[in-house]
Amino acid sequence: MRDLSNLNAAAIIGARADCPFASVDDLWRRCGVPAAALVQIAAADAFQPSLKLAWREALAAVKALRDETLLSSPRRQPAKPRGWHKLKSLPSPSAR
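Residue 2 is where the sequence shown starts when you use my numbering, and the numbers rise one by one after that.
This is the structure:
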């Protein structure tokens, strides 16, 4: 994708390292990239592998976003992986 800036690409890659994106909205809020950049990604059908969205579905989801809403609202925490609350604490190494 030639038109996606390196800065926007780096923001997406960095946010994805924490945990996978749950939706287009989740990606947009965690990365802080403008909706116009996500339009380019949707038009390239790049949401298909990760979010299982065809380009038309992804484009519709992106067009529903508003950059001014992102700027005025606090960032949400990334979505937790499924089953994260079921993890039990491990005993400390000294307890063995």
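Where is the CB? At the ideal position from N, CA and C, for every residue including glycine.
Check	Outcome
Any alpha helix (DSSP H) of 4 or more consecutive residues that is wholly inside the segment 5 to 72	7 to 19, 25 to 32, 36 to 44, 49 to 52 and 56 to 64
Beta-carbon gap between Pro94 and Ser51 smaller than 8 Å	no
Beta-carbon proximity of Val34 to Ala12, cut-off 8 Å	yes
Where Arg30 falls, given that 16 or more other Cβ within 10 Å makes a residue buried	buried
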